[in-house]
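Visitor:
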Amino acid sequence: MLAVENLHSGYGRIQALHGIDLEVKQGEIVTLIGANGAGKTTLLMTICGAPRASKGRVLLDGQDITQMPMHKIAHLGLAHSPEGRRIFARMSVLENLQMGGVAGDPAHYAEDLAKVLALFPRLQERLNQRGGTLSGGEQQMLAIGRALMSRPRVLLLDEPSLGLAPLVVRHIFDLIRQINRDQGMTVFLVEQNAHHALKLAHRGYVLVNGRVTLAGTGAELLANPEIRAHYLEGGAHGETA
Amino acid sequence: MEYFIQQLINGLTLGAIYGLIAIGYTMVYGIIRMINFAHGEIYMLGAFISLIAFLVATTLGGASVAFGLLIALVSTMILTALWGWAVERLAYRPLRNAPKLAPLISAIGMSIVLQNFSQLSQGARVKPLPPLFKGGIELMHGNGFSVNLSYLQMVIMALTVVLMAVFTWVITRTSLGRAQRATEQDMKMAALLGVNTDRIISATFIMGATLAAVAGLMVTLYYGVIDFYIGFLAGIKAFTAAVLGGIGSLPGAMLGGLLIGLIEAFWSGYFSIEYKDVAVFAILVLVLLFRPTGLLGRPEVEKI
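Top line first, the protein sequences correspond to chains A and B.
All letters in the first sequence, in the order written, are residues 1 to 241 by the numbering used here.
All letters in the second sequence, in the order written, are residues 1001 to 1304 by the numbering used here.
(1) Taking the beta carbon of glutamine 178 of chain A as the centre, do at least 16 other beta carbons fall within 10 Å, making it buried, or is it exposed?
(2) Is aspartate 1371 of chain B close to chain A? Criterion is C-beta to C-beta, closer than 8 Å.
(3) Does glutamine 98 of chain A come within less than 8 Å of chain B when only Cβ atoms are used?
(4) Counting along the chain, where does the beta strand (DSSP E) carrying lysine 55 of chain A start and finish?
(5) With a cut-off of 8 Å, does the C-beta of proline 166 of chain A fall near any C-beta of chain B?
(6) Given this structure, state the Cα-to-Cα distance separating proline 225 of chain A from leucine 232 of chain A, to the nearest angstrom.
(7) What are the boundary residues of the beta strand (DSSP E) that glutamine 1153 of chain B is part of?
(8) By Cβ distance below 8 Å, which residues in the same chain neighbour glycine 1208 of chain B in space, the five residues on each side in sequence not counted?
(9) Could you name the residues of the stretch 1188-1220 of chain B whose beta carbon sits closer than 8 Å to any beta carbon of chain A, in the order they occur along the chain?
(10) Return the bridge partner residues of serine 81 of chain A from the DSSP annotation.
(11) Would you mind sorting methionine 1 of chain A into buried or exposed? The rule is 16 or more other CB atoms within 10 Å of its CB.
(12) Spell out the partners DSSP gives aspartate 64 of chain A in its beta bridges.
(13) Does the stretch 44-62 of chain A come into contact with the stretch 8-21 of chain A, if we say contact requires no fewer than three beta-carbon pairs (one atom in each stretch) closer than 8 Å?
(14) CA-CA distance, isoleucine 1200 of chain B and glycine 1030 of chain B?
(15) At the 8 Å Cβ level, is alanine 223 of chain A part of the contact set with chain B, yes or no?
(16) Among the residues of its own chain, which have a CB less than 6 Å from the CB of alanine 1016 of chain B, if the five just before and after it don't count?
(17) Between arginine 1096 of chain B and chain A, is there a C-beta pair that is closer than 8 Å?
(18) Using the three-state DSSP reduction, which class does leucine 1255 of chain B fall into: helix, strand or coil?
(19) Might you give, ordered along the chain, the residues of its own chain that have their beta carbon closer than 7 Å to the beta carbon of glycine 104 of chain A, omitting 5 neighbours on each side?
(20) Do glycine 1019 of chain B and glycine 1216 of chain B have their CB atoms nearer than 8 Å?
(21) Whole angstroms are fine: how far does the CA of valine 1225 of chain B sit from the CA of isoleucine 1078 of chain B?
(22) Using a Cβ-Cβ distance cut-off of 8 Å, determine whether arginine 86 of chain A contacts chain B.
(23) Once the 5 residues before and after glycine 136 of chain A are set aside, which same chain residues still bring their CB inside 6 Å of it?
(24) Closer than 7 Å by beta-carbon distance: list the chain A residues that pair up with arginine 1178 of chain B, in chain order.
(25) Which residue's Cα is closest to the Cα of isoleucine 1009 of chain B: B/Gly1136, B/Asn1116 and B/Ala1053?
(26) Out of B/Lys1134, B/Ala1053 and B/Met1189, point me to the one whose CA is closest to alanine 1213 of chain B's CA.
(27) Using a cut-off of 7 Å between C-beta atoms, extract the partners of arginine 130 of chain A located in chain B.
(28) For my contact list, leucine 1262 of chain B and leucine 1012 of chain B are in at a C-beta cut-off of 8 Å; report their separation, rounded to the angstrom.
(29) To the nearest whole angstrom, what separates the beta carbons of histidine 18 of chain A and glycine 204 of chain A, a pair I think is in contact under 8 Å?
(30) Would you decide whether valine 1166 of chain B is buried or exposed? Buried here means 16 or more other CB atoms lie within 10 Å of its CB.
(31) Excluding sequence positions up to five away, which residues of its chain have a Cβ less than 6 Å from the Cβ of alanine 1107 of chain B?
(32) Have a look at A/Ile227, A/Lys115, A/Ala143 and A/Gln192 and flag the residue whose alpha-carbon is nearest the alpha-carbon of aspartate 182 of chain A.
(33) Using a 10 Å radius around the Cβ and a threshold of 16 neighbouring Cβ atoms, would you call asparagine 180 of chain A buried or exposed?
(34) With a Cβ-Cβ cutoff of 8 Å, do leucine 198 of chain A and leucine 222 of chain A count as a contact?
(35) Of all the options A/Ala107, A/Thr217 and A/Arg86, which has the alpha carbon lying nearest to the alpha carbon of glycine 145 of chain A?
(36) So if I threshold CB-CB distances at 7 Å, which residues from the stretch 98-127 of chain A count as touching chain B?
Below you can see the structure in the form of structure tokens.
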């Protein structure tokens, strides 16, 4: 479904990714774990077209989208809940969700809105509130809900657990599992919270300094002693960032 | 008292015109964080186009003033919008990722180009238009002074109110306005969601130019003379209005325009007409010194 081949990218002269290869298949949850500054966010943003890849390709259903304008990529079915959530703070929750529907088919806007609000009842309660007044967890729900509004084929999630209380993190991860199971949504999840991410994901990749160093199923990676040492132990089971 | 009310009416009329121009400055600033110094020239082009369109329409379509004005209004809005679109396309879009100073210099260059273009194509002398709306109503009189509200002033204020209402509706209620606000708040996120941000920026320039065009038409009717240089002063005053209201804020631009119009009218009426521009620009300096965010502006908050 989504494939990345020998991808090089970075900001200005700083090269952040040095030839990434990975693949997300239809219906899978795939996670990419790595430390701060490993290049996780750069990878997700490069997939969406900003920054542009300096080398390599991004394929969505076999179609090369590496040089495509950002807004066209969204219309092909790639939705992104980005780092820092990037909620439109001075727009209402409803307007934020409406913006999520820009890349969707207007014919099933009402249906998609109902679906998102059923998934996140908290957003229903706050529909006319400004995005900026929501709590961190609510903003995260809004960012995911906004991404779902376009009925994407692939959902990209950038650190949905960042800055949230453990209980809220668990809730968000349950919801991701639910979206995948009930809607068959393909999910590419980038996380620092390796414990939760690997438990949730079918497969995972480990990113170190802009290179993929390990790949395997979620269970394999969870059991891997190297990963345990670097990403899990000492991190209070990965529940704190 | 009568004198005061007369100045109030004059000030509101002037303020309506400034407000319409100021919206173009504030919208463009909001969306690409750039002062479009060629916006005053867009307004000047609107004034010329409206004069030409009116003369053409009345020559071809008989002597009906109302018909001529309607044709002039519509064609001015369309043609000036095209200018606004073209200026962005040619002078600013290629510099979208350049350092911030580059589009600013480009805007100043564009302003000079448009001024000289008008001077060369239309001549340097002032162009007159005989008064079309004669008369008005006398609201009150006393102490040997009568307060008049001319029909033209009524038309200007009514048209401004209608335009601002339509414009506010577009921004707050339509999907175009929503996409504009989203692009203003976070352009990259809007693009990630599938908004063609280049097209939204074009739409913003087109809307600003359309409102400036109407202001140009109004000034042509109100003062009866225009020349290639009117865009400079009116542009800077409208810019002052936008800064006073809080640059980036739409209600601020409308409010700032009204206040600048009132300040200019009252200063001329009570102190000295020669110093009215000094009064307006003193306001600009004072606002920048003591309240750089303007009356309704938000302070720029650093993103965390």
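No residue lacks a Cβ here, since even glycine has one placed at the ideal position from N, Cα and C.
Guide: Concretely, from the data shown:
(1) Using a 10 angstroms sphere on the CB of glutamine 178 of chain A, the tally of other CB atoms stays under 16, which defines it as exposed.
(2) This structure cannot speak to residue 1371 of chain B, because chain B is shown only from 1001 to 1304.
(3) Chain B contact via Cβ: present.
(4) Lysine 55 of chain A -> beta strand (DSSP E) spans 55-60.
(5) Under the Cβ criterion of 8 Å, proline 166 of chain A is not counted among the residues facing chain B.
(6) Rounded to whole angstroms, proline 225 of chain A to leucine 232 of chain A spans 10 Å at the Cα level.
(7) For glutamine 1153 of chain B, there is no enclosing beta strand (DSSP E); the enclosing alpha helix (DSSP H) has its first and last residue at 1151-1173.
(8) Within the same chain, Cβ atoms closer than 8 Å to the Cβ of glycine 1208 of chain B are found at Ile1023, Gly1024, Tyr1025, Met1027, Val1028, Asn1036, His1039, Ile1042 and Gly1084, the five residues on either side in sequence being excluded.
(9) Residues Lys1188, Met1189, Ala1190, Ala1191, Leu1192, Leu1193, Gly1194, Val1195, Asn1196 and Thr1197.
(10) Paired residues: A/Leu157.
(11) Buried.
(12) The partner list for aspartate 64 of chain A (beta bridge, DSSP) reads A/Leu59.
(13) Segments in contact, yes.
(14) Counting only the Cα atoms, glycine 1030 of chain B lies some 12 Å from isoleucine 1200 of chain B.
(15) So, not an interface residue.
(16) So the list reads Ile1156, Met1157 and Thr1160, once near-sequence residues are dropped.
(17) No - not a single Cβ of chain A is within 8 Å of the one on arginine 1096 of chain B.
(18) Helix.
(19) Around glycine 104 of chain A: Asp112, Met149, Ser150 and Arg151.
(20) Not in contact: glycine 1019 of chain B and glycine 1216 of chain B (Cβ atoms no closer than 8 Å).
(21) When only Cα atoms are considered, isoleucine 1078 of chain B and valine 1225 of chain B end up about 22 Å apart.
(22) True, the Cβ-Cβ gap to chain B drops below 8 Å.
(23) Counting only Cβ-Cβ distances below 6 Å, and skipping sequence neighbours, we find Gly163 and Leu164.
(24) Glu95, Gln98 and Met99, listed in chain order.
(25) Nearest of B/Gly1136, B/Asn1116 and B/Ala1053 to isoleucine 1009 of chain B, Cα basis: B/Gly1136.
(26) Closest by alpha carbon: B/Ala1053.
(27) Contact of arginine 130 of chain A with chain B by beta-carbon distance below 7 Å is absent, the smallest such distance being about 11 Å.
(28) That pair is a contact at about 7 Å.
(29) Not really, about 19 Å apart at Cβ, beyond 8 Å.
(30) By the 16-neighbour rule on beta-carbons within 10 angstroms, valine 1166 of chain B is exposed.
(31) The residues are Asn1036, Phe1037 and Ala1038.
(32) Taking only the C-alpha atoms, the option nearest aspartate 182 of chain A is A/Lys115.
(33) Per the 10 Å Cβ criterion, buried.
(34) Leucine 222 of chain A is positioned such that its CB atom lies closer than 8 Å to that of leucine 198 of chain A.
(35) Proximity to glycine 145 of chain A across A/Ala107, A/Thr217 and A/Arg86 peaks at A/Arg86, based on C-alpha coordinates.
(36) Of all residues in the stretch 98-127 of chain A, those with a C-beta nearer than 7 Å to a C-beta of chain B are Gln98, Met99, Gly100, Val102 and Ala103, reading in chain order.
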